[in-house]
Each structure stands twice: as C-alpha cells, then as structure tokens.
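K.L.:
Protein chains in written order, with our numbering: chain X, 393 to 508; chain L, 136 to 247.
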C-alpha cells in the first residue's frame, strides 16, 4: 500500500517550453501533496504544498507563476514548470500524506528534468 | 520544529550491523521520529517511524531513549544494496509539510 507514482520519469525539453509533471496516489486518498526539488548531491527542498480544491502554498523563494500547481482530485496533483530554463533542470519529487494517523509521507519515484 | 543532526557519511561491510544515530535535542511532545532511505535518482522510501522505546519492522529497528533527544536506526546484516542516503526527520502529528525538513542525511556505503 501507500504507492505514489510520477509521470514522466524523465523529460528533456528546450528552453522556453513548459513541462507538466503528474503525481498520483495509487491506493490511498491524499488531501495534501507536496512538491520537492533536489539538485545533485543535495538534500530535498520543499517547493510547495498542494491542497485538493484550493490554492497551493509556496515556500519562500519559489515563484508561484513559474511553478504552477493544480490539485484536481484526492489522488492527483500536477506541477507545471512554465517557460523552463536550464537552471530549472533538477530532480522533482512529489509526496502525498495519507489521511489520518501520524504524519507519514510517501514519495513518488521522482522526475528528472533537463532543460537544454 | 526540532532540528536533526546525523553523521554525513558512514562505511560498513557486508553482513555487519549498522547503527546510525540522529540527535534531535529540541523534540516536542507531539513529534515522531521518522527515517527515510533514498537511492540515487529515486524518491525517498519510508523505513520506520517511532515515538519512544523500540520499534522493529522487517527492514530495520529504531531505538529511542527515554528522553527522546536522539534515536538510532539499526540495519541488521547490511548488503551492498543498502548503500544509500538515510534521512532522519522529526515530524509532528497533524503537522504540515513545512515541518518535514530534510537535513543532509547520512550517506551509508556498504563495502564488499
């Protein structure tokens, strides 16, 4: 149980294009999903908290107009990197919090984004 | 939320027991201790979570002393495939993701 998927697993795009990444909780419902970014040899950095049916909450320094988040249902959140640039190249990871109980987050496999 | 401190790296040999200790001096009453494992280019994988004393599952054991200011993740008989980064996190019951802060983690390298 508690499986989170991400699609695509990796994407290469040209500078200036937009890229959408999907995060799905496969066997549980998640009112809250989270998006992280991880650069090589570094730890995970929280970008934003995605709440089903409401606006996302962004961490300080993360541009909400550049990283669009939509949480359309209890099992799906999407992150769109708009007008991507090479510096946006990174490993993007989502997680979902299972309803009830102690705070436990389950992470997706990550999406490797390379912007040329 | 309580800050965690853990060793940057550890080396071990196959078949040995590995203990990774994490300090969380400012842990609060509602906080739980959670450990994740991350392989390169993969998302973190939940290993174990505990509040006090000892918790054991099929993968690891977690030892938490009475004062809860530290915790030790114990991996029995490690293999090469256990080479990964291990993160210790303090999470609050009902808390938000802002409180799920990843430190630098411990890079465990298992040698043949």
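Even for Gly, the Cβ is constructed at its ideal location relative to N, Cα and C.
This structure is a prediction, so every number in the text was calculated from the model and none was measured.
State the start and end residues of the unbroken beta strand (DSSP E) segment that holds residue 444/X.
P.N.:
Numbered from 1 along the first chain, position 52 holds the residue referred to as residue 444/X. First-last for residue 444/X: undefined, no H or E at that position.
K.L.:
Roughly how many angstroms lie between the CA atoms of residue 201/L and residue 414/X, to the nearest whole one?
P.N.:
Taking the second chain and counting its residues from 1, the one referred to as residue 201/L is at position 66. Taking the first chain and counting its residues from 1, the one referred to as residue 414/X is at position 22. Going by the C-alpha atoms only, they are around 42 Å apart.
K.L.:
Just the C-alpha distance for residue 461/X and residue 423/X, rounded to the nearest angstrom, thanks.
P.N.:
By 1-based counting over the first chain, the position of residue 461/X is 69. By 1-based counting over the first chain, the position of residue 423/X is 31. Distance between the alpha carbons of residue 461/X and residue 423/X: 14 Å.
K.L.:
Please determine whether the Cβ atom of residue 181/L lies at a distance below 7 Å from any heavy atom of the ligand NAP.
P.N.:
In the structure on display, the ligand NAP does not appear, and there are no ligands present to speak of.
K.L.:
On the three-state DSSP scale, how would you describe residue 166/L?
P.N.:
Counted from its first residue, the second chain places residue 166/L at position 31. In the structure shown, residue 166/L sits in a strand (DSSP, three-state: E or B).
K.L.:
From residue 425/X to residue 180/L, what does the alpha carbon distance come to, in whole angstroms?
P.N.:
If you number the first chain from 1, residue 425/X lands on position 33. If you number the second chain from 1, residue 180/L lands on position 45. When rounded, the distance between both Cα atoms is 16 Å.
K.L.:
With distance defined between alpha-carbon atoms, name the residue in 206/L, 175/L, 161/L nearest to residue 183/L.
P.N.:
As a first step, residue 183/L must be located in the second chain, where it is residue number 48. Closest option to residue 183/L, Cα to Cα, is 206/L.
K.L.:
Hey, does residue 501/X have any beta-carbon neighbour from chain A nearer than 8 Å?
P.N.:
In summary, chain A is missing from the structure at hand, where the protein chains are X and L.
K.L.:
For a minimum of 3 consecutive residues, which ranges assigned as the beta strand (DSSP E) are wholly contained in the region 442-485 of chain X?
P.N.:
Counting whole runs of 3 or more residues, the region 442-485 of chain X contains the beta strand (DSSP E) stretches 459-465, 468-473.
K.L.:
Since residue 483/X meets chain L, which of its residues come closer than 8 Å, beta carbon to beta carbon?
P.N.:
As a position in the first chain, residue 483/X is number 91, starting the count at 1. Within chain L, the residues near residue 483/X are 176.
K.L.:
Using only the alpha-carbon positions, how far apart do residue 163/L and residue 188/L sit?
P.N.:
Reading the second chain from its first residue, position 28 is the one you call residue 163/L. Reading the second chain from its first residue, position 53 is the one you call residue 188/L. Those two C-alpha atoms are separated by around 16 Å.
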